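S.K.: For reference, the structure I am asking about is given below.
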């Protein structure tokens with residue numbers, strides 16, 4: 498095979514892979530901007546539409562407006578009839594268009610006066626699904642806060658305990674070092690959900706059930722081992738002479754750790770904190786078992802997706818769930834690049 | 002009077018491994034001392050004990066008459082150049098050189114003055130804003146030197162500083178190090194396993210093997226009058242020849258002979274006498 502064909506195949510493969518990863522995300526994002534009425538549209542647009550083409554016609558016999566919308570097949574489909582008040586409500590609920598009855602009346606009065614059809618382009622309120630998400634699912638705001646809290650606690654716990662363990666495994670001469678290291682890793686080998694029941698009992702005993710700290714403790718269990726192993730490798734990679742030089746040139750041991758060792762191992766901590774964050778942020782199963790009223794965002798979404806009529810709100814919630822994780826990962830990327838880039 | 006005194010120094014690892022068995026040395030101010038010896042002979046360990054990076058098992062180290070073995074490395078008034086240079090990769094060259102001065106709470110102006118000064122001495126002025134990863138091995142080495150001289154130490158320690166450089170650079174850095182030593186009139190200890198470095202740099206060489214000092218002397222003494230067989234073996238390129246000979250007395254002559262040749266000792270009476278004592282012994286000459 499010649500070089501060109503090889504290259505073409507390669508790019509085809511890459512594009513295919515890209516789509517495999519991206520299509521669900523695109524679908525989700527698009528859905529988070531769609532209104533109730535568009536959910537049933539087929540085919541679904543890749544790029545969300547931000548307006549509706551609609552027409553209003555005054556129906557003299559029944560003393561009401563008939564309202565139709567241009568659907569995907571290019572036909573105006575009669576959806577509902579009523580006065581401007583009823584229509585305003587309908588627009589907000591089903592089309593994500595926010596208009597007061599008076600504003601609407603101003604726009605469509607011509608039809609009443611002349612009997613003509615009024616064509617309008619109605620713009621959606623772009624982030625209506627997102628604001629609605631917080632309205633419809635009571636406690637979504639709290640759940641978001643809970644998620645942030647539990648993620649931060651998990652990062653702090655796994656980094657402080659795991660990082661210290663990693664340092665000890667790399668630098669000290671304790672007996673049974675290997676066993677401790679492997680033990681920390683073994684904990685990672687089974688899913689956290691497997692220990693959830695016993696964890697629940699223990700958390701209840703400690704009074705930490707249904708609290709974010711209790712949840713963070715459970716999330717930290719697998720991450721401590723992982724962090725220990727990541728940081729152990731990096732601590733071992735730091736040339737001892739760098740620290741010794743610092744000692745010789747006037748620093749105490751603590752200053753040396755702060756000014757020399759820590760900056761050099763920062764990428765490892767960045768990577769570990771990313772793993773810790775993702776564990777805490779993405780989990781639903783453990784949270785389901787270990788919390789009661791204090792839901793996390795992921796758990797709330799898990800519960801909300803069941804209601805089919807609100808799928809567009811759930812999509813908005815999902816995007817809200819994904820975005821912080823993406824931002825956090827991209828923010829840390831530059832540190833992690835220093836390590837493996 | 003001696004400036005630095007190493008008194009009966011001993012280092013034992015894990016209670017069993019004797020890295021340094023007995024080390025006695027007096028160093029005078031302004032001297033350039035080289036610790037020379039094969040790998041694992043304890044020369045680096047000795048240096049690290051002086052630096053405070055290893056604890057001392059037995060013995061004492063005195064600088065200016067004061068014992069320093071219970072002081073932290075930072076309080077010993079020494080500076081060190083490491084084999085790997087140990088230039089901190091996350092700091093610019095400027096920060097590397099200024100590190101020790103900042104820790105000593107010097108004013109910004111003072112620090113800047115010193116840094117610029119040593120940068121000129123070490124020829125790194127144009128690299129001050131760079132990071133070590135952007136420098137070559139030789140340039141990094143000079144940064145390490147600049148950092149070491151910035152603190153104006155009582156004693157300069159160099160742990161095989163040239164072994165990571167290419168052959169040509171090694172020779173020119175050697176000259177630079179010696180020049181800096183002379184310019185600053187500092188006292189230096191230099192560890193190496195490279196005899197040409199030792200012979201060219203040292204005021205006095207301390208030749209070590211298996212944790213003990215084999216001989217202390219000027220390069221000339223070490224080269225021309227080795228005390229022990231090990232010294233003779235170690236120094237010289239190509240190495241010295243050794244022959245196993247029998248000592249015999251024929252008439253008035255003292256003969257050294259083996260299967261291939263025989264050699265008459267005509268020199269001083271003293272040597273003849275010594276030889277005759279160990280009659281018919283296996284003897285080794287150089």
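Residue numbers (this note's numbering), protein chains in the order written: chain R, 498 to 838; chain C, 2 to 287. Glycine included, C-beta positions come from ideal geometry on N, C-alpha and C. As the structure is a prediction and not an experimental result, all values here were calculated from the model.
1. Are there three or more Cβ pairs, one per stretch, closer than 8 Å when the segment 83-102 of chain C is compared with the segment 54-74 of chain C?
2. State the start and end residues of the unbroken beta strand (DSSP E) segment that holds residue 245 of chain C.
3. State whether the segment 191-203 of chain C contacts the segment 31-48 of chain C, with contact taken as three or more CB pairs (one from each stretch) at a distance under 8 Å.
4. With a CB to CB cut of under 6 Å and the five nearest residues on each side skipped, what residues in its chain are close to residue 182 of chain C?
5. Does any residue of chain C have a CB that is nearer than 7 Å to the CB of residue 741 of chain R?
6. Using a threshold of 7 Å, state whether the C-beta atoms of residue 593 of chain R and residue 532 of chain R are closer than that.
7. Kindly list the residues whose CB is nearer than 6 Å to the CB of residue 230 of chain C, restricted to its own chain and excluding five residues on each side of it in sequence; keep chain order.
8. Less than 7 Å between the C-beta atoms of residue 777 of chain R and residue 716 of chain R, yes or no?
9. Suppose the cutoff is 8 Å on Cβ atoms and the five residues either side in sequence are ignored; what does the same chain contact list for residue 795 of chain R look like?
10. Determine whether the Cβ of residue 74 of chain C lies closer than 7 Å to any Cβ atom of chain R.
11. Look up residue 20 of chain C in the DSSP assignment and say whether it is helix, strand or coil.
12. Following the continuous alpha helix (DSSP H) through residue 180 of chain C, name the residue where it begins and the one where it ends.
13. What are the partner residues of residue 59 of chain C, as DSSP defines its beta bridges?
14. Look up residue 91 of chain C in the DSSP assignment and say whether it is helix, strand or coil.
15. Looking at chain R, is there any beta carbon in it that lies within less than 7 Å of the beta carbon of residue 91 of chain C?
16. Is the shortest distance between the beta-carbon of residue 711 of chain R and the beta-carbons of chain C less than 7 Å?
17. Give a yes or no on whether 7 Å exceeds the smallest Cβ distance from residue 95 of chain C to chain R.
18. By Cβ distance, which residues of its chain are closer than 6 Å to residue 595 of chain R, with the 5 residues on each side in sequence left out?
19. Establish whether the CB of residue 834 of chain R and some CB of chain C are separated by less than 7 Å.
20. Below 8 Å, how does it come out for the segment 663-683 of chain R and the segment 4-17 of chain C: are there three or more Cβ pairs, yes or no?
21. If you compare alpha carbons, which of C:114, C:170 and C:46 is closest to residue 211 of chain C?
22. Under 8 Å Cβ to Cβ from residue 616 of chain R, same chain only, skipping five residues before and after it: list those, please.
23. Sort R:564, R:677, R:624 and R:572 by Cα distance to residue 601 of chain R and report the nearest one.
24. Quick one: list the residues of chain C neighbouring residue 814 of chain R, beta-carbon separation under 8 Å, in chain order.
25. Compare the beta carbon distance of residue 741 of chain R and residue 202 of chain C with 7 Å and say whether it is the shorter of the two.
26. Quick one: what's got a C-beta closer than 8 Å to residue 597 of chain R's C-beta in the same chain, skipping five residues either side?
27. Give the straight-line distance between the Cα atoms of residue 69 of chain C and residue 52 of chain C, rounded to the nearest whole angstrom.
28. Pick out whichever of R:699, R:820 and R:535 has its Cα sitting closest to the Cα of residue 711 of chain R.
29. Mind pulling the chain C residues with CB within less than 7 Å of residue 829 of chain R?
30. Where residue 259 of chain C and residue 249 of chain C are concerned, what is the direct C-alpha to C-alpha distance, given to the nearest angstrom?
31. Using DSSP's beta-bridge definition, name the partner residues of residue 561 of chain R.
32. For residue 823 of chain R, count neighbouring Cβ atoms within 10 angstroms of its own Cβ and tell me buried if that reaches 16, exposed if not.
33. Just reading off the beta strand (DSSP E) that residue 727 of chain R is part of, what are its end residues?
34. Secondary structure at residue 77 of chain C, three-state DSSP: helix, strand or coil?
35. Return the residues of the segment 740-761 of chain R that lie within a Cβ-Cβ distance of less than 9 Å from chain C, sorted by chain order.
36. Can you name the start and end residues of the beta strand (DSSP E) that residue 766 of chain R belongs to?
M.R.: Straight from the coordinates:
1. no
2. Within the second chain, numbered from 1, the residue matching residue 245 of chain C stands at position 244. Counting along the chain, the beta strand (DSSP E) containing residue 245 of chain C begins and ends at 244-251.
3. yes
4. As a position in the second chain, residue 182 of chain C is number 181, starting the count at 1. Correct list, in chain order: 33 and 189.
5. In the first chain, residue 741 of chain R corresponds to position 244, counting from 1. So, interface residue.
6. Numbered from its first residue, the first chain carries residue 593 of chain R at position 96. Numbered from its first residue, the first chain carries residue 532 of chain R at position 35. In contact: residue 593 of chain R and residue 532 of chain R (Cβ atoms closer than 7 Å).
7. By 1-based counting over the second chain, the position of residue 230 of chain C is 229. Correct list: empty, nothing qualifies.
8. The count along the first chain starts at 1 and reaches residue 777 of chain R at position 280. The count along the first chain starts at 1 and reaches residue 716 of chain R at position 219. A contact, by the Cβ cut-off of 7 Å.
9. For the purposes of this step, residue 795 of chain R is taken as residue 298 along the first chain, with counting starting at 1. The answer, listed in chain order, is 644, 778, 779, 780, 781, 784 and 818.
10. Taking the second chain and counting its residues from 1, the one referred to as residue 74 of chain C is at position 73. Output row for residue 74 of chain C: interface = yes.
11. Reading the second chain from its first residue, position 19 is the one you call residue 20 of chain C. DSSP places residue 20 of chain C in strand when its eight states are reduced to three.
12. By 1-based counting over the second chain, the position of residue 180 of chain C is 179. Here the alpha helix (DSSP H) through residue 180 of chain C covers 168-185.
13. For the purposes of this step, residue 59 of chain C is identified with residue 58 of the second chain, where counting begins at 1. According to DSSP, residue 59 of chain C bridges with C:11.
14. By one-based count along the second chain, residue 91 of chain C stands at place 90. Of the three classes helix, strand and coil, the one that applies to residue 91 of chain C here is coil, per DSSP.
15. For this step, residue 91 of chain C is matched to residue 90 along the second chain. So, interface residue.
16. Here residue 711 of chain R refers to the residue found at position 214 when the first chain is read from its first residue. Chain C contact via Cβ: absent.
17. Start at 1 with the first residue of the second chain, and residue 95 of chain C comes out as number 94. So no, residue 95 of chain C is outside the interface.
18. The sequence position of residue 595 of chain R within the first chain is 98, counting from 1. Cβ within range, chain order: 589 and 622.
19. Position 337 of the first chain, counted from the start, is the residue given in the question as residue 834 of chain R. It does not: the Cβ of residue 834 of chain R has no partner Cβ on chain C nearer than 7 Å.
20. no
21. Counting from 1 along the second chain, the entry for residue 211 of chain C is found at position 210. If we check each option's Cα against that of residue 211 of chain C, C:46 comes out closest.
22. Taking the first residue of the first chain as 1, we reach residue 616 of chain R at position 119. Cβ within range, chain order: 550, 551 and 552.
23. Taking the first chain and counting its residues from 1, one reaches residue 601 of chain R at position 104. That would be R:564, whose Cα lies nearest to the Cα of residue 601 of chain R.
24. Here residue 814 of chain R is taken as the residue at index 317 of the first chain, counted from 1. Those do not exist, as residue 814 of chain R stays about 41 Å from chain C at its closest Cβ, beyond 8 Å.
25. Translated into positions along the first chain, residue 741 of chain R becomes position 244. Translated into positions along the second chain, residue 202 of chain C becomes position 201. Contact: no.
26. Position 100 of the first chain, counted from the first residue, corresponds to residue 597 of chain R. Counting only Cβ-Cβ distances below 8 Å, and skipping sequence neighbours, we find 585.
27. Mapped onto the second chain, residue 69 of chain C falls at position 68. Mapped onto the second chain, residue 52 of chain C falls at position 51. If I take the Cα positions, the gap works out to 10 Å.
28. Taking the first residue of the first chain as position 1, residue 711 of chain R is located at position 214. Looking at the Cα atoms, R:699 is the closest of the given residues.
29. As a first step, residue 829 of chain R must be located in the first chain, where it is residue number 332. Near residue 829 of chain R there are no residues of chain C at all, since even the closest Cβ is about 17 Å away, more than 7 Å.
30. Your numbering for residue 259 of chain C matches position 258 in the second chain. Your numbering for residue 249 of chain C matches position 248 in the second chain. Approximately 10 Å between the Cα atoms of the pair.
31. The residue given as residue 561 of chain R occupies position 64 in the first chain. In the DSSP output, where bridge partners are listed per residue, residue 561 of chain R has R:556.
32. In the first chain, counting from the first residue as 1, residue 823 of chain R sits at position 326. Under this definition residue 823 of chain R is an exposed residue.
33. Residue numbering aside, residue 727 of chain R sits at position 230 when the first chain is read from its first letter. Unbroken run through residue 727 of chain R is the alpha helix (DSSP H), 709-734; no beta strand (DSSP E).
34. Start at 1 with the first residue of the second chain, and residue 77 of chain C comes out as number 76. Looking at residue 77 of chain C - three-state DSSP - the assignment turns out to be coil, as it is neither helix nor strand.
35. 740, 741, 742, 743, 744, 745, 746, 747, 748, 749, 750, 752, 756, 757, 760 and 761
36. Residue 766 of chain R sits at position 269 when you count from the first residue of the first chain. Residue 766 of chain R -> not in any beta strand (DSSP E); alpha helix (DSSP H) instead, spanning 759-779.
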